[in-house]
Each structure stands twice: as structure tokens, then as C-alpha cells.
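Novice: Chains as they are written, first to last, in the numbering used here: chain A, 1 to 186; chain C, 187 to 370.
Would you mind keeping the following structure in view while I ask a few things?
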Amino acid sequence: MRSRVVSVMRAKPAAAKASDIAVPRQSGVCRSKKAAAIAGTATIGPSQIGGSTLMAIGQSLPGANGVKLSVLIGRHLRGGIGAFAAPLAFLSGPFVIILVVGAIYGRIANYSPLHAVLDGVAAAVVGLTLSTGISAVARGAGDWLAVAISAVTVLCVGILGWPMLPVILVLAPVSIGLMLVRARTA
Amino acid sequence: MREGFAGSLLPLFAVFAPLSLLSFGGSNSVIADIAHQSVAVQHWTSEREFADLFALSRAAPGPGSMLAALIGWKLGGLAGALVATVSFYGPAAIVLYFAAKLWGRWRGSAWHTAVERGMAPIAAGLFLSGGIAVLRVAPAGLTAWVAAGAAAAALLYWPKLHPLPLLVVSGGIFGLVDWLGLVS
Chain A
1 MRSRVVSVMR AKPAAAKASD IAVPRQSGVC RSKKAAAIAG TATIGPSQIG GSTLMAIGQS
61 LPGANGVKLS VLIGRHLRGG IGAFAAPLAF LSGPFVIILV VGAIYGRIAN YSPLHAVLDG
121 VAAAVVGLTL STGISAVARG AGDWLAVAIS AVTVLCVGIL GWPMLPVILV LAPVSIGLML
181 VRARTA
Chain C
187 MREGFAGSLL PLFAVFAPLS LLSFGGSNSV IADIAHQSVA VQHWTSEREF ADLFALSRAA
247 PGPGSMLAAL IGWKLGGLAG ALVATVSFYG PAAIVLYFAA KLWGRWRGSA WHTAVERGMA
307 PIAAGLFLSG GIAVLRVAPA GLTAWVAAGA AAAALLYWPK LHPLPLLVVS GGIFGLVDWL
367 GLVS
């Protein structure tokens, strides 16, 4: 039992690696955990899980990247129980922290300078998200089809403000179909 | 505010569970819908509160998607936070659990490659949409657009820049400008 806990615990820091693979710039914690992920996961090794399986999952299956990797690592080590325990461990710390942050916010929300500071933080976070999106589009800049699909997505969801579900239900098959057709004809 | 299960917990599940299955490329891709649902559709938060909770969720350690937990907490306390978090992470985790093995096996096939290539630009578009959606509800208005543009430009120009100091500097500048009364 003990070794089971230890190996699941050991899997936990490796989950941070997921964010580094799929999303280049996540918030600070993921980055600082990167070294720990490489150093602390002798049982599996990031290349074994993070390298092949996660890259295969990449962006084509939904989910938060850290949670996705912790499910994969948990399952790899301990099957169903592991797949349940690893994301639970991965999320429990941040969950407690965010509740404390939320409770503090609830107490001082009436203090108006706080809102100005948070406006600034929110703007920088948006900048971070935008830069991730821009570099993802730029990576495929030579591919006019990929750029066009990104542009249509931004138009529908970002500018027109349409709900994501119908947009993705239409765009995903179209995009995948076009990529398939192009691969066949190339 | 706490109206029991049907009052606040069920809508939390109804909003976050589908978004879980739409979060291609990571949870950042559904920020646009979370913003839209929280402010305009469900009226869970004011624009002011949404900007605050969004900033807090990303400045605190852990996945930025803890925004779901914060919104849940605001609506239904601990139960709300738990329901929102499980709804937001659970469905995608279950799909992954069952799909990962098959997915790995199909790797290299023509349609597998097409799915990867087809979903990547959609994910990139959703990231950009999320940024735009948050700016549209941000109470700081034009100032927020300028600051976000500057932050994005800085991160693109210096890719190794750690984002945390950027958040601190931006928050500091906004706070200072407000404190000095430079913008009424």
C-alpha cells in the first residue's frame, strides 16, 4: 500500500510536464516543477509517458494538460486506481489554495485599489494567452489552411461571441476532413 | 445566493461538464465560453468579479482552470467549488482514460494525423478567442487591451521571459496609476 502511494505521489510532479509540452508558457508553477518532473520520475521517465503518449494525445483529446498527463501516468503505474488518484493529488493542493485565495478575496473585495491591481494582472494574463495563441498560429504560418481555420475560429467564438459547442461541432469535422483530403491528394 | 442543488449546483455542472469535453489544447481554450456563460448567460458574476476571479485563478499556483473552482465557490461555497472542479476535469479525464490506449495504437495512421492537424488550428483560434472574450468583459476597457497587447508583444519578443514578473509589473502599474488618481 505504501509503495503504491509513493509511486503515485512521485507521478504527481511529472504532471507539470504536460503543460510544458502542449502549452509553452503556463503559469509559474509548471515551469518550476519541470526540473522536479525530470529528476523525480525514475519509475517511468517523462520520455516514456510524456514523450510518446502525451504527444499522441496532444491537442486532439480535450482536457487540461496537467490533468491529462496525471491520468496517463496514474494509469500507467496503477491502472484505474492510479488514474483516479493521480489527478486527485495533482489538483488537491491548488484546489485548497484557490479556496483560500477566494475567501481572502471575498473579505477584501470592497477595497477598490485591489480591483485596479487585478485589472493589471488580468490584462497581463490575457497577453500570455494571446502570445500562446499567436505563436501557435505562427508555427503553422506557411499553411494557409491552418491559418484560415484559426481565423474562422476567432471570428465565430472571439468576435461574434457564438457558443463554442456548435462552432466546434461544425468546424472540427470540416477542419479534419480538409486535412485528410489534402493528405490524400498531396 | 445558496439556493440548494437545483439553484446553483446543477447549472455549474451543466456549464462546466460540456466545456470539459471542448477543452482542446488545454483548459485555456474554453475561457471564452466561461466568460460568456458567467457574465452574460448565467449572471454568475459581474464583469468586475469575473475579471478579478480570472486574474486570481491565474496568479495563484496551480492550473489556471481553477477559475472553475472559484466561480463554483462564489455560487455555492465548498460544494459549488467541488461540483465545478469535478465537472470541469472529470469528463475529459474519463474520455482520456478510455481513449488513450486506442489513440496511441492508431498513431501514424492517415486520419489520426488529420485529426491532430485539424484540431491544432482550432485550439489556437480558441486561445485567441479566450483572450479577446476576457478583454471584452474587462472593466478596464481600452487600457486592458493596450496592456494585454504589450504583454503579448513582450512574451513574443522575449520567449524566455517568465510570466510571473509580468503579472506583478502589470498589476503594480495599474494599481499605481489608480492610487495616484491618474485615471479617473
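Backbone N, C-alpha and C fix where the C-beta goes; we use that ideal spot for every residue, glycine too.
Say whether the segment 289-300 of chain C touches the segment 154-174 of chain A, bearing in mind that this needs 3 or more beta-carbon pairs closer than 8 Å, one atom from each stretch.
Specialist: Short answer: they don't touch.
Novice: Compare the Cα-Cα distances from residue 90 of chain A to each of C:223, C:249, C:324, C:332 and report the closest residue.
Specialist: The candidate whose alpha carbon is nearest that of residue 90 of chain A is C:249.
Novice: Starting from the N-terminal side, write out each stretch of the alpha helix (DSSP H) that is 4 residues or longer and does not extend beyond the segment 82-146 of chain A.
Specialist: Those alpha helix (DSSP H) runs which fall completely within the segment 82-146 of chain A and span 4+ residues are 112-139.
Novice: Who are the neighbours of residue 269 of chain C on chain A, taking C-beta pairs under 8 Å?
Specialist: None at all; the shortest Cβ gap to chain A is about 12 Å.
Novice: Give the DSSP-derived three-state secondary structure of residue 62 of chain A in the structure shown.
Specialist: Residue 62 of chain A falls in the strand class under three-state DSSP.
Novice: Residues of chain A with CB under 7 Å from residue 295 of chain C, in chain order?
Specialist: Residues of chain A passing the Cβ test: none, with the nearest at roughly 11 Å.
Novice: Note down, in chain order, all residues in the segment 240-252 of chain C with a beta-carbon under 9 Å from any beta-carbon belonging to chain A.
Specialist: Listed in sequence order: 240, 241, 242, 243, 244, 245, 246, 247, 248, 249, 250, 251, 252.
Novice: Whose C-beta lies closer than 7 Å to the C-beta of residue 241 of chain C among residues of the same chain, with five residues either side of it excluded?
Specialist: Within the same chain, residue 241 of chain C has no close Cβ partners at all.
Novice: With a Cβ-Cβ cutoff of 7 Å, do residue 186 of chain C and residue 254 of chain C count as a contact?
Specialist: Beyond the ends of chain C as shown, which are 187 and 370, falls residue 186 of chain C; an answer cannot be given.
Novice: Spatial neighbours of residue 251 of chain C within its chain, please: CB distance less than 6 Å, with the 5 preceding and 5 following residues excluded, ordered by chain position.
Specialist: Closer than 6 Å at Cβ, skipping near neighbours: 213.
Novice: Can you pull the chain C neighbours of residue 110 of chain A, defined as C-beta to C-beta under 8 Å?
Specialist: Within chain C, no residue comes near residue 110 of chain A; the closest Cβ sits about 11 Å away, beyond 8 Å.
Novice: Three or more beta-carbon pairs under 8 Å between the segment 101-114 of chain A and the segment 313-331 of chain C, yes or no?
Specialist: Judged by Cβ distances under 8 Å, the segment 101-114 of chain A makes no contact with the segment 313-331 of chain C, as fewer than three pairs qualify.
Novice: Just checking, does the segment 97-109 of chain A make contact with the segment 64-84 of chain A on the three C-beta pairs under 8 Å criterion?
Specialist: Segments in contact, no.
Novice: Which chain A residues sit within Cβ distance under 7 Å of residue 202 of chain C?
Specialist: The contacting residues do not exist; residue 202 of chain C stays about 12 Å from chain A at best.
Novice: Straight-line CA distance for residue 359 of chain C to residue 184 of chain A?
Specialist: Their backbone Cα atoms lie some 53 Å apart in a straight line.
Novice: Out of A:87, A:163, A:121, which one is the CA nearest neighbour of residue 246 of chain C?
Specialist: For the residues A:87, A:163, A:121, the minimum Cα distance to residue 246 of chain C belongs to A:121.
Novice: Got a sec: is the Cβ-Cβ distance from residue 233 of chain C to anything in chain A below 7 Å?
Specialist: Residue 233 of chain C does not count as touching chain A.
Novice: In chain C, which residues lie less than 9 Å from residue 82 of chain A when you measure between Cβ atoms?
Specialist: Residues of chain C passing the Cβ test: none, with the nearest at roughly 10 Å.
Novice: Name the DSSP beta bridge partners of residue 210 of chain C, please?
Specialist: In the DSSP output, where bridge partners are listed per residue, residue 210 of chain C has A:62.
Novice: Can you check which of these residues, C:349, C:208, C:200, is closest to residue 166 of chain A by C-alpha distance?
Specialist: Nearest option by C-alpha distance: C:208.
Novice: Please report the distance separating the alpha-carbon of residue 34 of chain A from that of residue 65 of chain A.
Specialist: The pLDDT assigned to residue 34 of chain A is 40, lower than 50, so where the model puts this residue is not dependable, and the model offers no usable value.
Novice: Only counting the same chain, and skipping five residues up and downstream in sequence, which positions put a Cβ closer than 7 Å to that of residue 266 of chain C?
Specialist: If we look at residue 266 of chain C and ignore the five residues flanking it on each side, its Cβ neighbours are 194, 195, 198, 258, 259.
Novice: Taking C-beta pairs closer than 7 Å, name the residues in chain A that residue 344 of chain C reaches, listed in chain order.
Specialist: Chain A residues near residue 344 of chain C: none, gap ~10 Å exceeds 7 Å.
Novice: What would DSSP say about residue 163 of chain A, mapped onto helix, strand or coil?
Specialist: In the structure shown, residue 163 of chain A sits in coil (DSSP, three-state: anything other than H, G, I, E or B).
Novice: Can residue 133 of chain A and residue 313 of chain C be called in contact, C-beta distance under 7 Å?
Specialist: Cβ distance < 7 Å, so residue 133 of chain A and residue 313 of chain C count as in contact.
Novice: Nearest chain C C-beta to residue 85 of chain A closer than 7 Å, yes or no?
Specialist: Not closer than 7 Å to any Cβ of chain C, the Cβ of residue 85 of chain A fails to qualify, so no.
Novice: Determine the chain C residues that contact residue 197 of chain A at a beta-carbon separation under 7 Å, and present them in chain order.
Specialist: Residue numbering for chain A in the displayed model covers 1 to 186; residue 197 of chain A lies beyond these limits and cannot be assessed.
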